[in-house]
């Protein structure tokens, strides 16, 4: 059963002078401010506005704003107990399901004891409306699960592209090239002849000097 209907309304809207060039878009946006909200005047929640037109050719200016009377056909969501609706499961427990109707309105569904399989998150299900709850501008539904229409299709993940990592380790050639100057300096230091005498040589020199002294 369809839970929507069209209703023609008339409404006064105050248009900003800066919106005169985009009048139609501004008037439509003003009406859609109440989208998805429950309205006693509409006896349901506003979904969309069509066939918008301005009524009358003369408009009053009130405190700098242009007062316009508009007429439009409103698409209204107005579910009733006993209707069969569809929704997508977004929450679940052992005894109840949570689902979204028209991707907007929340519904809490009780699970019948005769239910063979448990719906999963993302499944499209049908349910019977048992109660319509209105809290201010929020419309909420209660119902009983009837059947699973279709199961959710898992999203296929694309395989990750293989990226070859660059080898950042230095090759022997790189080491020779990069460290050539420092290596040659180290070698030069190592091969430089030592200017210091070893302890044995210094002792021999002392003895030799002593002998020369004695002979004198």
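Residue numbers (my numbering): 2 to 217.
Ideal Cβ positions, reconstructed from N, Cα and C, are used throughout, including at glycine.
Keep in mind the model is a prediction, meaning the values are calculated, not measured.
- DSSP places residue 38 outside both helix and strand once states are collapsed to three, so it counts as coil.
- Residue 145 is bridged by DSSP to 111, 129.
- In this structure, residue 29 sits away from residue 3, with a CB-CB distance that is not shorter than 7 Å.
- Look at residue 136 here: in three-state DSSP terms it is strand.
- For residue 61, the closest C-alpha among the options 135, 115, 13 is that of 13.
- Close CB contacts of residue 40 within its chain, under the 6 Å cut and outside five residues either way in sequence, are absent.
- Between residue 126 and residue 102, the beta carbon gap of about 10 Å keeps them out of contact (Cβ cut-off 8 Å).
- Annotation: residue 98 is outside any alpha helix (DSSP H); the continuous beta strand (DSSP E) that includes it extends over 97–102.
- Here the region 130–138 lies against the region 71–87, with 3 or more beta-carbon pairs under 8 Å apart.
- As the crow flies, the alpha-carbon of residue 66 is around 6 Å from that of residue 16.
- According to the DSSP assignment, residue 47 belongs to no alpha helix (DSSP H) but to the beta strand (DSSP E) extending over 45–63.
- With a cutoff of 7 Å on beta-carbon distance, residue 138 and residue 38 are scored as near each other.
- Within a 10 Å sphere around the beta-carbon of residue 120 sit 16 or more other beta-carbons, which makes this residue buried.
- The C-beta distance from residue 74 to residue 9 rounds to 5 Å, short enough to meet the 8 Å contact threshold.
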